[in-house]
Amino acid sequence: MANPPGAEWLGDFTKALGDMRAPMVDVETLVAMQRKNLEALTEVNQVAMEGVQAVIRHQMEMTRRTMDELSHMFSSLFQPNGSMEERLAKQAEFSKTALESGLSNARELGDLMAKANTETLNVLTRRITETLEELRGLATKR
């Protein structure tokens, strides 16, 4: 049976491809690279989870301290001792302390989250750098 019209190019193309040499793929190296990538992702997840746990622990401690301070504030404010001016001065002092404590807590939480993010990004950056070096090594082998 005759080739359909315009099919001559297919034979030429097949012949040209046959003359080309496909690059050899080192499957073991690729598998090892992917294993390292998975290990890095596992480490990233672990570091991120540790960061989340540290934030949660810190929030629980802040909540406990805040409840202790509120309990102390209410018990001292509603004591029948002292004049109204003294009690108002105490309330102002408690409010100032609460505001300072809240700002300090927010700063500490921000620092904890920044630390966790930095540690996570360090793991990713390290693995990306290693991958690029491995790819460079593969390219120089050829």
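Each residue of the sequence shown is one higher than the last, beginning at 103 in the working numbering. C-beta atoms are modelled at their ideal positions from N, C-alpha and C, and glycine is treated no differently. The structure displayed is predicted, hence computed values, not measured ones.
*Taking only runs that begin and end inside the segment 153-223, name each unbroken alpha helix (DSSP H) of 4 or more residues, in chain order.*
For the segment 153-223, not a single whole alpha helix (DSSP H) run of length 4 or above is found.
_Given this structure, state the Cα-to-Cα distance separating Thr242 from Leu223, to the nearest angstrom._
Approximately 28 angstroms, taken between the alpha carbons.
_Whole-angstrom distance between Phe180 and Met162, CA atom to CA atom_ = C-alpha of Met162 to C-alpha of Phe180: approximately 27 angstroms in a straight line.
*What do you get for Val129, buried or exposed, if any count of 16 or more other CB atoms within 10 angstroms of its CB means buried?*
exposed
*Rounded to whole angstroms, how far is the Cβ of His160 from the Cβ of Glu221, which I believe are closer than 8 angstroms?*
At roughly 16 angstroms, the Cβ-Cβ gap does not stay under 8 angstroms, so His160 and Glu221 are not in contact.
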